[in-house]
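In our numbering, the protein residues as written are 1215 to 1393.
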């Protein structure tokens, strides 16, 4: 016990507890916990570690190769766990489960890919989408629509101006212009 009110209790190497003012730390074997104004740190070494303060939080799980970081000031998140990656900020997000899943969105544009079977891209500002599911393809851009069984057959039509195209490769191709 100290004159300033601080105290330390120990039974090393099994237990440690210290406190003073508005701070407190406890250690029991591999587990620890620390608190102070605006701060919280806890963990179970070597399996789990977490730290948080008013600006950010951080979590690490070494055996899973996992890491998560949240920044309060910029409102961003980053997560990494072996083959998984996710990031998010005010403008959008990205998620990857390597090598099969890729997705993201930002500023009205998005993409989603389940490799190699599914691909989808969209742009809200351009009012366009393109989707490929196996050999089946469909897309839109404004009033134009395209459908197909790629690369053998497709049909495209824009009712706004009458333009379009049709193909049965390599036998037939037709592309009338606007009315």
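C-beta atoms are modelled at their ideal positions from N, C-alpha and C, and glycine is treated no differently.
These numbers come from a predicted model, not from an experiment.
Give me the Cα-Cα distance between residue 1224 and residue 1245, rounded to the nearest whole angstrom.
Residue 1224 and residue 1245 have their C-alpha atoms roughly 14 Å apart.
Is the beta carbon of residue 1259 closer than 8 Å to that of residue 1279?
No, the pair does not count as a contact, with Cβ atoms beyond the cut-off.
Which of helix, strand or coil DSSP assigns to residue 1347:
It is a strand residue.
Rounded to whole angstroms, what's the CA-CA distance from residue 1268 to residue 1250? Just pull it up for me.
Inter-residue distance for residue 1268 and residue 1250 is about 11 Å (C-alpha atoms, whole angstroms).
Backbone secondary structure at residue 1331 - three-state DSSP
It is coil, neither helix nor strand.
Do you know whose CA, among 1381, 1271, 1264, lies nearest residue 1365's CA?
For the residues 1381, 1271, 1264, the minimum Cα distance to residue 1365 belongs to 1381.
My guess is that residue 1375 and residue 1392 are in contact by the Cβ rule of under 8 Å, so how many angstroms apart are they, rounded?
In this structure residue 1375 touches residue 1392 by the C-beta definition: roughly 4 Å separates them, less than 8 Å.
Reducing DSSP to helix, strand and coil, say where residue 1294 ends up.
In the structure shown, residue 1294 sits in a strand (DSSP, three-state: E or B).
Could you spell out the range, first to last residue, of the beta strand (DSSP E) harbouring residue 1281?
In the DSSP assignment, residue 1281 falls within the unbroken beta strand (DSSP E) covering 1280-1285.
For residue 1228, the nearest candidate out of 1234, 1235, 1240, 1274 (CA to CA):
Considering only alpha carbons, the answer is 1240.
Using three-state DSSP, classify residue 1277 as helix, strand or coil.
DSSP places residue 1277 in helix when its eight states are reduced to three.
Out of curiosity, what's the CA-to-CA distance linking residue 1300 and residue 1272?
If you draw a straight line from the Cα of residue 1300 to the Cα of residue 1272, it comes to about 15 Å.
Anyone know if the C-beta pair for residue 1331 and residue 1312 falls short of 8 Å?
Going by C-beta atoms, residue 1331 is not nearer than 8 Å to residue 1312.
By Cβ distance below 7 Å, which residues in the same chain neighbour residue 1363 in space, the five residues on each side in sequence not counted?
Cβ within range, chain order: 1349, 1350.
Who does residue 1253 pair with in a DSSP beta bridge?
Note: residue 1253 sits in a beta bridge opposite 1250.
Residues that residue 1308 bridges to, as DSSP identifies them
According to the DSSP secondary-structure assignment, residue 1308 is paired through a beta bridge with 1301, 1318.
Determine the closest residue to residue 1357 out of 1346, 1378, 1368, 1345, with distance taken between C-alpha atoms.
Looking at 1346, 1378, 1368, 1345, the one whose alpha-carbon comes closest to that of residue 1357 is 1378.
Distance between residue 1371 and residue 1338 (C-alpha atoms, nearest Å):
Straight-line spacing of the CA atoms in residue 1338 and residue 1371 works out to 20 Å.
Which of helix, strand or coil does DSSP assign to residue 1362?
The answer is strand: DSSP assigns residue 1362 an E or B state.
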